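Written out below as structure tokens is the structure these notes cover.
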Amino acid sequence: MTRSWPRIRSRVAAILLAAVVLVLFGASPAWAHSGLERSDPPNGGVISVGRTTLTLWFTEAISEDASTFELRTADGERVAASASVSEADDGGIVRIQTQPLAKATYLLDWKVLATDDGHTSNGTMYFGVGTRPAGVASAADGLPDLPGLLIRWIDLSAIILCIGAFAVSGRVLGSTDETGMAPRRRARFIGALAAGVAVVTGALTPFLLTQPGGGSLGDWFDATWATLTGTPWGYLWSGREIALVITAVALYRAARSPRAGGQLRSAVIALVAVVGLESWAGHASTLPRGSVLAVLAAASHLVAAGVWAGGLAVLALCLSPLLHRNRETRRSILASAWRAFSPMAAIATVVLVATGLYEAGLHVPDLSFVASTVYGAVVAGKLVLVVVALVLGGINTLLVNPRLAARVGRILGRSGGWAPVPPRRFAVIVGAEVLVLVLAVGAAGLLTSVPTAREVASATKETTLHTATVDGLFVTLEQVAAGPDRSRLIVRSRSIVKLEAEPVSDVTVTLAGPTGTTGGVVLERIEPGRFEAETAQPASGDWSATVALDRDGFPTAVTRVDWTVAVAGPADVRPLEMVTSVLAVLLLGALLGAVYFVRRRRPAAVAVSLHPVRASENSGSKR
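The sequence shown begins at 1 in the working numbering and counts up by one.
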């Protein structure tokens, strides 16, 4: 039985890793952060007294159980309302039924949970009934709720700490041979504790996302359960929790066992699953193209942050007790550990900066969004924190590498024995670097909790209306993106003559373009005068739509509208994305070149150092 357990554990770990690969490369990417695309009445609009139905269109499918809608007057009086998510548009249309509305200004507060990426969006819509409203509001591009932000900060910090425990528990802490296994075991205990904390914060996250504005505790639990078991994000998050539990158990067993090889392998595989699922459940999966590459970049970014920030924190926690007990060997312990850690941290730093640049280019359309969106501003703030941490890390490296410090001193024209700061300040500089990196992790947590600048731009993008007049009807056709390869056709019609005899009951659209003719697309009646249907994304080129409108007792009214779909491909690549992608490739190329150069020089250096030894041995033998 004891012999079969490692085999069973390895099989479970392999199955878990295979599941992650299937999720990463087999799942369809999500479309966007769920934002309010349009509404009836429109934001800032006016409707007649007695209206009982409000309709909201969101850019992504939302969870009905985890979304809330609250209607109130400008004076703060709540108005009874019930919301239901329509099956049309894959769950992105919400209809709200109210009592007949009296003359007043109303505010509709909404908070929705996207079913694909698990992100929440909220905002307020103003409208007037029989009077023009005093103001206009839109989807909130502000900070998320403080409890959710703190939980996300702790959750991300715990995962980074767990990765750091792996990074330093091998060769880095093993370089201090005279101290034995105590620091390694302490690092593994820290990793197990961090994984356990991530399990707890991960379990709390769905409850915070589905926190209702009202209702009972039972409704809250029901909404959370429905989110976890009925949405793509819920499946990813549940898998992440299972992988974290395996990581925590395996690391704990590795810390207590003198032979930890099997447990460490299981923990590594489970942690790879955690990183993969965490990355796929984030912003990378919402891109309309290149999601797999973006997920790999996000995963590499998280691992690099764990090696640098998490490794530094774990190293400080593991060596601090040791330094207090062995003051006479303090300098040698610090030198050996930090010299072993510095190359690893340097590689991780380059990967972190390169992948961070690449992700910024994907999620920020241009520099104007840095000042106009929360996401852009936080990206800029995180960049500043990383630069400060790099400076502090460079100072630490010079303090523990006197030869390198002497070379830098000669370049700067300083005398021998130069150091950037007094060596006794080493602990203070390390503490400052850890603090700055903790703030950077907090910024990363905020970035994963708010819509990206690209998502904000997509949700607020205006589309072109194509209009025509036929048989006393004013007809508009609108084509909007509904996914990476899907498009939504929206036809509106209204009579331009008084005393309309019959409203439009059915609408059929036939598309003709560069790729041929699409058969009649039957649109669904969403509300009086509005019809919608999804179809494949039109290819680039000139298109025409033949719109047929049916009314009871009247001949079919047929009209044609034309439009041009912009050429896709290189023209769609944003300048900022091109610049950041090129910089990322150059940084990674320089890193590979540096690693190759160092590996080529190392054997030569070893051969040179061994040659005098052989010479002395030969001379000794002659004597």
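We put the beta carbon where it would ideally sit given N, CA and C, even for glycine.
These numbers come from a predicted model, not from an experiment.
| query | result |
| --- | --- |
| Looking at the structure shown, is G589 part of a helix, part of a strand, or coil, going by DSSP? | helix |
| From L367 to T508, what does the alpha carbon distance come to, in whole angstroms? | 42 angstroms |
| Please determine, among V386, L107, G541, the residue with the shortest C-alpha to C-alpha distance to A305. | V386 |
| Indicate the three-state DSSP secondary structure (helix, strand or coil) for F554 in the structure shown. | coil |
| Would you mind sorting K514 into buried or exposed? The rule is 16 or more other CB atoms within 10 Å of its CB. | What sits at residue 514 in the sequence shown is Pro, not Lys. That one is exposed. |
| Report yes if the CB atom of V639 is closer than 8 angstroms to the CB atom of R132, and no otherwise. | Any question about residue 639 goes unanswered here, given that the chain covers just 1 to 623. |
| What span of residues does the alpha helix (DSSP H) with L150 cover, start to end? | 146 to 168 |
| For the candidate residues S39, F426, I269, whose alpha-carbon lies nearest to that of R240? | I269 |
| Let's test the definition: count the other Cβ atoms within 10 Å of the Cβ of P232 and tell me whether it reaches 16, buried, or not, exposed. | buried |
| By a C-beta neighbour count over all protein chains shown, 10 Å radius and 16 as the cutoff for buried, is Y596 buried or exposed? | exposed |
| Can you tell me where the alpha helix (DSSP H) with T210 in it begins and where it stops? | T210 -> no alpha helix (DSSP H), and no H or E assigned at all. |
| If you measure between the beta carbons of A61 and L71, is that distance less than 8 angstroms? | no |
| Within 10 Å of its beta-carbon, does G423 have 16 or more other beta-carbons around it, so buried, or fewer, so exposed? | Note on residue identity: the sequence assigns Pro, not Gly, to residue 423. Classification for P423: exposed. |
| Pick from Y106, N43, T120: whose alpha carbon is nearest that of D65? | T120 |
| Nearest CA to the CA of P206: which residue from V168, S67, A250, G276? | S67 |
| Applying the 10 Å Cβ sphere with the 16-neighbour rule, what's the burial state of L146? | exposed |
| With 16 other CB atoms within 10 Å as the buried threshold, where does F531 fall? | buried |
| Using a Cβ-Cβ cut-off of 7 angstroms (strictly less than) and excluding sequence neighbours within five positions of V408, which residues of its own chain qualify? | L398 |
| Around the C-beta of A453, are 16 or more other C-beta atoms found within 10 angstroms, so that it is buried, or is it exposed? | buried |
| On a Cα-Cα basis, can you pick out the residue from V456, V480, G472, E455 that is closest to H466? | V480 |
| Taking the CB atoms as reference points, tell me whether L150 and A195 lie closer together than 8 angstroms. | no |
| In the structure shown, what three-state DSSP assignment does V507 receive? | strand |
| Output the distance between the C-alpha atoms of T55 and E527, rounded to the nearest integer angstrom. | 9 angstroms |
| Grab the span of the beta strand (DSSP E) containing V522 for me, first residue to last. | 516 to 527 |
| Would you call the CB atoms of A419 and L392 closer than 8 angstroms? | no |
| Check for me: the beta strand (DSSP E) holding T120 runs from which residue to which? | 120 to 129 |
| Helix, strand or coil: which one does DSSP assign to V561? | strand |
| Between the beta-carbon of Q99 and the beta-carbon of V79, is there less than 8 angstroms? | yes |
| Less than 8 angstroms between C-beta atoms, sequence neighbours within five positions excluded: which residues of the same chain meet that for A316? | V430, G431, V434 |
| DSSP three-state call for A194: helix, strand or coil? | helix |
| Would you decide whether K111 is buried or exposed? Buried here means 16 or more other CB atoms lie within 10 Å of its CB. | buried |
| Check for me: the beta strand (DSSP E) holding W110 runs from which residue to which? | 104 to 113 |
| Rounding to the nearest angstrom, what Cα-Cα distance links V504 and D552 in this structure? | 8 angstroms |
| Short check: CB of G445 to CB of V314, under 8 angstroms? | no |
| DSSP has T469 in a bridge; who is on the other side? | F474 |
| When the Cα atoms are used, what is the spatial distance from L362 to M578? | 9 angstroms |
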